[in-house]
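Residue 83 in UniProt numbering sits at position 83 of the sequence shown, and the numbers go up by one each step. Where is the CB? At the ideal position from N, CA and C, for every residue including glycine. As the structure is a prediction and not an experimental result, all values here were calculated from the model.
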Amino acid sequence: MARATTTSDSFNAVAEPRRREILIYLAGAERPVGEIVVALGLPQPSVSKHLRVLHDVGLVRMRCQGRQKLYRTNAEAIRPLHEWAATFERYWQHQLLRVKELAEATVRQGSADLKTADAPRDSNPRRDDDDFN
1 MARATTTSDS FNAVAEPRRR EILIYLAGAE RPVGEIVVAL GLPQPSVSKH
51 LRVLHDVGLV RMRCQGRQKL YRTNAEAIRP LHEWAATFER YWQHQLLRVK
101 ELAEATVRQG SADLKTADAP RDSNPRRDDD DFN
């Protein structure tokens with residue numbers, strides 16, 4: 001099946017794993033294409049294509065320095081992606097907190113059960129009817 005070579009939507013642009021790798025790498029500093037190629041181990045034409053898509057949707061900025069093109073992330077354009085993902089992060093944090101609370105309650109209950117099971121037992125337990133014999 002043929003894939004679209006470009007996209008006009010930030011969400012579609014970051015759906016491609018290599019583009020996410022590039023964005024993460026560029027978050028550290030402004031970098032030339034050659035450095036991205038070496039760091040990520042991708043072919044130069046592939047990196048250039050991904051940078052073009054990311055630039056077209058505004059997720060990266062490019063400036064020329066002599067004959068080199070330097071790329072960096074555009075934090076303002078990434079903000080909507082972050083805010084959208086944060087919604088799910090809050091949901092999962094809440095769910096994980098509930099799992100943690102259940103696990104801790106289970107451990108506490110298990111500890112209480114073990115203490116009861118480990119309590120010394122009277123080898124000759126007294127019965128109420130012993131007084132009548």
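DSSP places Leu96 in the helix class (H, G or I) of the three-state scheme.
The C-alpha of Gln95 is placed about 34 Å away from the C-alpha of Val57. Looking at the DSSP output, Leu70 sits in a beta bridge with Pro32, Arg63. The beta carbon of Leu40 is closer than 6 Å to those of Glu21 in its chain, skipping five residues each way along the sequence. Three or more beta-carbon pairs drawn from the stretch 30-48 and the stretch 66-86 are found closer than 8 Å, and the two stretches are therefore classed as touching. Ranked by Cα distance from Leu42, the options Ala86, Pro17, Gly28, Glu104 are led by Pro17.
Counted as a single uninterrupted DSSP element, the alpha helix (DSSP H) harbouring Asp56 occupies residues 44-56.
Arg63 and Asn74 do not touch by the CB rule: their CB atoms are close to 12 Å apart, not below 8 Å. Excluding five sequence positions before and after Pro80, the CB atoms of its chain that fall closer than 8 Å to its own CB belong to Ser10, given in chain order.
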